[in-house]
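Quick note on numbering: full-length UniProt numbering labels position 174 of the sequence shown as 174, and the sequence is numbered without any gaps.
Note that the Cβ used here is the ideal one computed from N, Cα and C, for glycine as well.
These figures come from a predicted structure and were not determined experimentally.
A quick write-up on the structure given underneath.
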Amino acid sequence: MSVETIHKIILHPFIQESLSSLKAMTGLEGRADEAFIDNVEDFRFKGYAVCSDMKGNLDGVILMHHYSETAVAVGQAVQLSLVGESNDSDTLNEDLVSALEEWGNTIVGRATHLLQKHNLGFEFASPHVALDLEDMTPYLKGVKQIVTVPVHVEGVGRYYFNLLVREVQQDNVYTDVNLTSEAHIIPPPLNGVPVDKNALIMTVDDSPMIRKAIVRLLADMGYTNTIEADDGASAVEMMRSDKPDFVFMDVVMKQVNGDRALEAIRSFDTQTPVVMLSSVTDSTVVDRCQQLGVHGFIFKPLNAENSLELLRSYLKV
């Protein structure tokens with residue numbers, strides 16, 4: 001498989017999603033250079049990476065790879081955009097890693113969904129973060145070829161997309177696929193009354209950064225009576241015990257996904273409005289949630305410019 005094919009079909013969606021999400025989540029501008037082949041022997045871990053194993057027509061790893069200083073700068077920008085707080089740390093502390101995870105998961109989720117949607121014979125594992133060489137070592141085993149694309153962030157530095165190739169199973173990847181994605185978006189209902197400012201609102205997301213961002217936005221609108229859940233299973237339990245009046249819930253989480261949690265919730269509560277959040281515009285998931293009586297969908301990435309209006313449109317304030 002040629003570098004051109006790998007770049008166009010596999011790496012290109014990740015690069016484009018990263019540039020789009022970089023702009024949306026940080027306000028920073030980026031540009032990508034041409035793809036090239038890296039020497040496997042010369043490959044070095046740079047300090048921070050988001051890794052996603054891929055199987056099928058190609059056995060390998062997608063790697064979004066940063067120097068530590070670039071990761072810190074981007075993480076600071078994401079945190080400032082999402083929660084309105086600056087982080088002066090010059091190392092990757094817990095808050096900055098959380099911000100970078102949200103950015104990376106948004107990119108990987110949107111790009112992998114797009115590739116899988118076109119049935120190109122690739123399957124991707126959930127992304128994992130590597131913070132040191134020990135975290136990175138399992139992904140480097142058996143790698144025979146590395147394709148690299150540098151991405152320059154204006155005023156910040158560089159990060160890289162690497163495709164670590166272990167084995168190409170077959171060379172029948174389609175090169176004429178139009179890799180575009182149309183969001184199947186459920187708009188907020190046109191009718192209804194504003195949600196009362198004393199209403200109990202629950203935020204469900206396995207990202208502490210996203211939960212914090214939504215709670216902050218709700219407070220800006222006068223909603224201070226909030227609770228949080230970090231997984232679909234705990235969300236179901238809190239629906240039974242706390243009986244929130246409104247719910248914002250992520251779709252993809254580490255334990256129980258939001259659509260499964262919604263199904264469980266609807267078995268005993270068919271009235272409470274639930275708005276789903278997702279980085280993946282999967283029509284199957286959207287249709288399933290619609291059938292379960294979802295109130296709406298908000299598609300990531302969230303940022304300071306769009307988040308307040310999106311939440312406001314569903315709360316009718």
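Look up Q145 in the DSSP assignment and give the residues it is bridged to. V165
What is the C-beta distance between R31 and V280, in whole angstroms, given that I count them as a contact (C-beta under 8 Å)? Not a contact, Cβ separation roughly 26 Å.
Select from D135, Y48 and F161 the residue whose C-alpha is nearest the C-alpha of H12. F161
With K55 as the anchor, note down where its beta strand (DSSP E) starts and where it stops. G47 to G56
I'd like to check one pair, S21 with I107: are the Cβ atoms closer than 7 Å? yes
Short Cβ contact (7 Å threshold) for A99 with M209: yes
Quick one, which of A49, V50, L80 and L58 has its alpha-carbon nearest A24's? L80
Using the C-alpha atoms, what's the distance from V72 back to H152? 15 Å
Based on the DSSP secondary-structure assignment, which residues constitute the bridge partners of A32? V151
Out of curiosity, what's the CA-to-CA distance linking Q255 and G296? 22 Å
Cα separation between K46 and M64? 11 Å
DSSP-derived helix/strand/coil call for V294: coil
Alpha carbon to alpha carbon, how far is V74 from G157? Give it in angstroms, no decimals. 9 Å
Using 7 Å as the threshold, is the C-beta distance between V274 and V317 below it? no
Shortest alpha-carbon distance to A77 belongs to which of D59, L58, G60 and V97? V97
Thinking C-alpha only, which one of E85, G56, I62 and I265 is nearest H128? I62
Give a yes or no on whether 7 Å exceeds the smallest Cβ distance from L63 to chain D. No chain D is present in this structure, which holds just one protein chain.
Do the CB positions of S207 and E102 come within less than 7 Å of each other? yes
Can you tell me the Cβ-Cβ gap for V215 and T203, rounded? I've got them flagged as a contact below 8 Å. 6 Å
First through last residue of the beta strand (DSSP E) which encompasses L302: Counting along the chain, L302 falls outside any beta strand (DSSP E), and DSSP gives it neither H nor E.
Given G27 as reference, the closest of Y314, L302 and L310 once Cα atoms are compared: L302
Candidates T270, I9 and T112, of which the one nearest E123 by Cα: T112
Can you give the Cα-Cα distance for Y48 and S126, rounded to whole angstroms? 17 Å
Measure the CB-CB distance between I265 and T226 and report whether it falls below 7 Å. no
Which runs of the alpha helix (DSSP H) fall wholly inside the region 90 to 145 and span at least 4 residues, in chain order? 94 to 117 and 133 to 140
Where does S307 land, buried or exposed, given buried means 16+ other C-beta within 10 angstroms? buried
Quick check on E4: does DSSP put it in helix, strand or coil? helix
Option in N93, Y223 and E29 with minimal Cα separation from E69: N93
Per DSSP, the bridge partner or partners of E17: DSSP output for E17 lists no bridge partner at all.
Distance check for T284 and S2, CA to CA, integer angstroms please. 33 Å
Pick from S278, L217, R312 and N39: whose alpha carbon is nearest that of V193? R312
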